[in-house]
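The structure appears below as structure tokens.
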């Protein structure tokens, strides 16, 4: 039984942890979307499950090397609506990634279809690692 | 045994006392118990859940007029699922396919799951108007609306208490 219970938790949505002393600016819960990261010949592809997120309620921000994906879910609840059985929570999604310098940040593309976000990040051409010459001070 | 119809209370706004008087809850409990008992002692169960197997989570909500079943099925569309209704259960079946299988791909990270699934959601008998059931798919969320029969809508009626 305990074995199965752990497995069951794996498929559950994981909540984003808010660091102590930090206030969230939006109400409601925030979940960590489940993702796949695949390396293709020409770049890296990221797939994220964002059920309920529309194209215009998705925020993707790239700042320095930090990529933040945020998706907002709107739920309409008619009057008298009452949840009688819940297996998943409804809320927004948020996940932060650190991009490696292999990726050409100018050429990243993102599309969302049927609640799945696909981001393609082509590899930067040219040398993938940069060497910084250190000069001895005279 | 993985509960076929797991009951997890995550929404805080649903009061706990409903466990006792909710007809759905009793039904689910019974179904779970039957399956649990049946498989007890069969640890070598060949059909046991595999890691990364896909099993959608389902929410059931109720309004005065209808029962609404929603399931998160990201990446799937109406042609990937099969929704059927019997007298006392709703079945959602389908297969979630892997989006891309390209040569030379290497997984760095894999959290999403794929595969076929089948979920059976028990419904109270004589409650749903089978002819008016509607299912729709939007942004990876399946929504099945099951309107209640007129007579089922009036099962619970508020009785005013008079002051004699």
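Residue numbers (my numbering), protein chains in the order written: chain D, 215 to 352; chain R, 357 to 520.
Cβ coordinates follow ideal geometry from the N, Cα and C atoms, glycine included.
Residue of the options minimising C-alpha distance to residue i
| i | options | result |
| --- | --- | --- |
| residue 468(R) | 516(R), 508(R), 384(R), 429(R) | 429(R) |
| residue 436(R) | 508(R), 496(R), 501(R) | 496(R) |
| residue 329(D) | 264(D), 249(D), 252(D), 228(D) | 264(D) |
| residue 268(D) | 494(R), 517(R), 504(R), 507(R) | 494(R) |
| residue 419(R) | 298(D), 249(D), 335(D) | 298(D) |
| residue 292(D) | 505(R), 444(R), 501(R) | 501(R) |
| residue 446(R) | 480(R), 506(R), 508(R) | 480(R) |
| residue 296(D) | 498(R), 426(R), 520(R) | 426(R) |
| residue 455(R) | 271(D), 259(D), 229(D), 227(D) | 259(D) |
| residue 274(D) | 323(D), 346(D), 351(D) | 323(D) |
| residue 434(R) | 499(R), 517(R), 485(R) | 499(R) |
Own chain residues within Cβ distance below 7 Å of residue i, not counting five before or after
| i | result |
| --- | --- |
| residue 305(D) | 242, 243, 244, 245, 287 |
| residue 302(R) | Lying before the first or after the last residue shown, residue 302(R) is absent from chain R, which here runs from 357 to 520. |
| residue 321(D) | 336 |
| residue 406(R) | Unreliable positioning characterises residue 406(R) in this predicted model, as indicated by a pLDDT of 47, which lies under 50. The coordinate reading is nonetheless provided below. Nothing listed; no residue qualifies. |
The alpha helix (DSSP H) enclosing residue i, as first and last residue numbers
| i | result |
| --- | --- |
| residue 507(R) | 506–509 |
Element boundaries [beta strand (DSSP E), containing residue i]
| i | result |
| --- | --- |
| residue 426(R) | 422–428 |
| residue 264(D) | Here residue 264(D) belongs to no beta strand (DSSP E), and DSSP marks it neither H nor E. |
| residue 524(R) | What is shown of chain R runs 357 to 520, which leaves residue 524(R) out entirely. |
| residue 471(R) | 471–478 |
| residue 249(D) | 249–253 |
| residue 245(D) | 244–246 |
| residue 280(D) | 280–287 |
| residue 313(D) | Segment: none, residue 313(D) is in no beta strand (DSSP E) and carries neither H nor E. |
| residue 451(R) | 445–452 |
Cut-off 6 Å between Cβ atoms - residues of its own chain near residue i, not counting five sequence neighbours on either side
| i | result |
| --- | --- |
| residue 411(R) | 473 |
| residue 248(D) | 263 |
| residue 266(D) | 287 |
| residue 332(D) | 261, 325 |
| residue 487(R) | none |
| residue 404(R) | Note on residue 404(R): pLDDT 46, under 50, position unreliable in the model; the coordinate value appears next. Around residue 404(R): no qualifying Cβ. |
Whether residue i touches residue j by CB criterion (8 Å)
| i | j | result |
| --- | --- | --- |
| residue 448(R) | residue 504(R) | no |
| residue 317(D) | residue 335(D) | yes |
| residue 441(R) | residue 489(R) | yes |
| residue 231(D) | residue 337(D) | no |
| residue 290(D) | residue 415(R) | no |
| residue 319(D) | residue 276(D) | yes |
| residue 252(D) | residue 464(R) | yes |
| residue 250(D) | residue 466(R) | yes |
| residue 438(R) | residue 450(R) | yes |
| residue 294(D) | residue 227(D) | no |
Contacting residues, own chain, Cβ-Cβ under 8 Å from residue i (five flanking each side not counted)
| i | result |
| --- | --- |
| residue 444(R) | 478, 479, 480, 481 |
| residue 452(R) | 410, 429, 431, 432, 436, 469, 470, 471, 472, 473 |
| residue 327(D) | none |
Chain A residues whose Cβ lies nearer than 9 Å to that of residue i
| i | result |
| --- | --- |
| residue 506(R) | This model lacks chain A altogether; the protein chains it does include are D and R. |
Any non-hydrogen atom of the ligand SAM closer than 7 Å to residue i Cβ
| i | result |
| --- | --- |
| residue 330(D) | No copy of the ligand SAM occurs in the structure displayed, which carries no ligand at all. |
Would you say the segment 307–314 of chain D touches the segment 274–288 of chain D, given that touching needs at least three Cβ pairs under 8 Å?
The segment 307–314 of chain D, when compared against the segment 274–288 of chain D, does touch it at the 8 Å Cβ threshold.
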